[in-house]
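In the working numbering, the protein residues as written are 20 to 440.
Even for Gly, the Cβ is constructed at its ideal location relative to N, Cα and C.
The model shown is predicted, which means the values in this text are computed figures rather than measured ones.
In what follows, a structure is listed as structure tokens, so that the remarks can point back to it.
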Amino acid sequence: MLDIKFIRENKELIKQAAKKKHLEFDVAKLIEVDDKRRLLLGRVEEKRAEQKVANNTIVKASSEERESILEKMRVLKAALEHEEEALKKVLKEWQALMLAVPNVPDMSVPDGDSDADNKEIKKWGDIPKFNFEPKSHVDIMTSLGMADFERGVKVAGFRGYFLKGSGAMLSFAVWRYALDFFVSRGLSLYLAPSMVRREPLLGTGWLPQSEEDLYKVQDEKYLAGTAEVAIMGLYQDEVIPKEELPKKILAFSPCFRREIGSHSKDVKGLIRVHEFFKFEQVILCAASHDESVKHHEELNRNTEEFIESLKIPYRTVINCGGDLGLGQVKKYDIELWVPLENTYREIGSASYFHDFQTRRLNIRYKDEEEKLKYVHSLNNTAIATPRILVSLVENFQQADGSIKIPEVLVPYMNGLSSIKK
RNA sequence: GGAAGGGUGUCAGAGUGGUUGAAUGAACCGGUUUCGAAAACCGGCAGGGGCGAAAGCUCCUCGUGGGUUCAAAUCCCACCCCUUCCGCCA
20 MLDIKFIREN
30 KELIKQAAKK
40 KHLEFDVAKL
50 IEVDDKRRLL
60 LGRVEEKRAE
70 QKVANNTIVK
80 ASSEERESIL
90 EKMRVLKAAL
100 EHEEEALKKV
110 LKEWQALMLA
120 VPNVPDMSVP
130 DGDSDADNKE
140 IKKWGDIPKF
150 NFEPKSHVDI
160 MTSLGMADFE
170 RGVKVAGFRG
180 YFLKGSGAML
190 SFAVWRYALD
200 FFVSRGLSLY
210 LAPSMVRREP
220 LLGTGWLPQS
230 EEDLYKVQDE
240 KYLAGTAEVA
250 IMGLYQDEVI
260 PKEELPKKIL
270 AFSPCFRREI
280 GSHSKDVKGL
290 IRVHEFFKFE
300 QVILCAASHD
310 ESVKHHEELN
320 RNTEEFIESL
330 KIPYRTVINC
340 GGDLGLGQVK
350 KYDIELWVPL
360 ENTYREIGSA
370 SYFHDFQTRR
380 LNIRYKDEEE
390 KLKYVHSLNN
400 TAIATPRILV
410 SLVENFQQAD
420 GSIKIPEVLV
430 PYMNGLSSIK
440 K
């Protein structure tokens, strides 16, 4: 959400933002509705003020005066109710439009339509050359008894999977290593709820836009697709003491995504599943663009260095306008090399939002001048499992069918340095 | 799932239909006093919106949403949340 005043003063900017993000948004319509809203608000307020004055005289009035005032008030009330009804209707339309206003992308965001237009800004590591026929992670993990996809589908349906034996173990090793790695960088550890109410989803911008990609449970609750949602909800409606900023959080949670728009994509294996686990980094910082940029780079670097420590080849791209969400100002994707697909696949996204999310969630702090301001929010994947296993397994496969475990993970695998039959 | 109680400002806590956006404490900020501090005393202290160049005027907000009424923190209904007890459960 953006400030309506800002929108009114920067109509052209918003128009350009929508265009760059390839979103439909009618700024003129919003202004028109806002004009109506202001007009009606004025009228309603006028009548309410009148009513208040009368209320105060009624108390002191004699009984015959009182009767005549009451009569007038009844008329006023009818008129007021009429105006209020109209205002309520306009307000509803206004709110829906306000939720659809796109945030303004940063200057450095390239133009483009989809992820195909994302711009590579960094490449790290050597792509492995195999002197044998490399196998897919599905084949490797199945043959090494690390996963069971057939029974996964039998039990959980489409995109279902079991991790088992050394596959499950590897997953725990990655989690435990990630925990140590990111906590040592000053993030506070949280284990966050996945089942959340509507509010934090609206606040983070997942709703109303992505309703169909969320699983809904009873009682108006949803299964979140990321711990970002719960962590952003942590401080909803709170004023954070400024000395506590920036807040840096590492949160673990199960994640659920319906992947409704990707039915035919990545149907095999661990790339795209409905149910996975993720460590997410979240930062809340003071309301300054420079602060946001600084922490955005930092968050991104954290994950890059984590991947580097695992020695998996990756590249970082800056997402183009068309690949940005409604609220995102700028986003980097880190993509890991997947040998069998002969390409890089996304493992995480680092985004910043300015006050887009915190305005919706009402998360504020008092600045140096004791003025209340909305904090800025950012997030980045720390590590998502089981997707990371795809690159881990395919890149480090050996001629004999075994997998070499990255050095940093060995201690977390009880000293096991390779997975064999 | 059943029963009871409760949700008021940063916090504690009054307030059961009429100048109550809200008594009183505490905290916090400023001042007086002091060599300095404590104590005491004096003053300030909710957020958001609209109009306005500003001063200011005005509206909304006592968990949320509806309703009754000329008038709601106060009455009615629904929902959310908290506490205690019972049941169930890991």
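Worksheet item: What beta strand (DSSP E) runs, 3 residues minimum, are completely inside the region 121–155?
Response: 138–143
Fill in: Other residues of its chain near T335: CB distance less than 6 Å, five sequence neighbours each side excluded
I140, K141, Y351 and I353
Worksheet item: When you compare each of V357, D386 and P265 to V412 by their alpha carbons, which one comes out closest?
Response: V357
Worksheet item: Quick one: what's got a C-beta closer than 6 Å to P314's C-beta in the same chain, skipping five residues either side?
Response: Before going further, note that residue 314 is His rather than Pro in the sequence given. Result list for H314: I302, C304 and L397, in chain order.
Worksheet item: Buried or exposed: V94, going by 16 or more other Cβ atoms within 10 Å of its Cβ?
Response: exposed
Worksheet item: Nearest CA to the CA of G186: which residue from C339, I422 and P430?
Response: I422
Practice prompt. Report the three-state DSSP secondary structure of A306 (helix, strand or coil).
Written response: coil
Worksheet item: At which residue ranges does the region 254–331 contain complete alpha helix (DSSP H) runs of 4 or more residues, listed in the order of the chain?
Response: 308–329
Item to complete: Report, in whole angstroms, the separation of the C-beta atoms of I402 and V193, which I expect to be a contact under 8 Å.
Response: 6 Å
Worksheet entry | alpha helix (DSSP H) segment containing S185, residue limits | G184 to V202
Worksheet item: Given a threshold of 16 other Cβ atoms within 10 Å of its Cβ, counted over all protein chains shown, does P212 qualify as buried or as exposed?
Response: buried
Worksheet item: Leaving out five residues before and five after I326 in sequence, what residues of the same chain have Cβ atoms less than 6 Å from its Cβ?
Response: Y333
Discussion item. Check for me: the beta strand (DSSP E) holding T404 runs from which residue to which?
Written reply: H395 to T404
Discussion item. For K148 and Q416, I'd like the C-alpha separation in whole angstroms.
Written reply: 11 Å
Worksheet entry | Alpha carbon of K474 to alpha carbon of A37, nearest angstrom | Because the chain spans 20 through 440 in this model, residue 474 falls outside it and cannot be assessed.
Practice prompt. Specify the secondary structure class of F181 as computed by DSSP and reduced to three states.
Written response: strand
Practice prompt. Could you have a look at S370 and say whether DSSP puts it in helix, strand or coil?
Written response: strand
Worksheet item: Is D342 helix, strand or coil when you go by DSSP?
Response: helix
Fill in: Residue(s) in a DSSP beta bridge with A166
L182
Worksheet entry | Secondary structure, alpha helix (DSSP H): runs of 4+ residues fully inside the region 34–79 | 46–79
Item to complete: From the DSSP output, in three-state form, read off T335 for me.
Response: strand
Practice prompt. Taking the CB atoms as reference points, tell me whether R277 and D285 lie closer together than 8 Å.
Written response: no
Worksheet item: W356 lies in the beta strand (DSSP E); which residues open and close that run?
Response: K349 to V357
Discussion item. Across the region 242–253 and the region 157–177, are there enough close Cβ pairs to call them in contact, namely three or more that are closer than 8 Å?
Written reply: no
Discussion item. Run through the DSSP bridge pairs and tell me what M160 is partnered with.
Written reply: Beta-bridge pairing links M160 to no other residue.
Fill in: Per-residue burial, M20 [other beta carbons within 10 Å of its own, 16 or more giving buried]
buried
Discussion item. Can you tell me where the alpha helix (DSSP H) holding R383 begins and where it ends?
Written reply: Element bounds for R383: not the alpha helix (DSSP H) but the beta strand (DSSP E), R383 to K385.
Fill in: L189 to D238 span [Cα, whole Å]
36 Å
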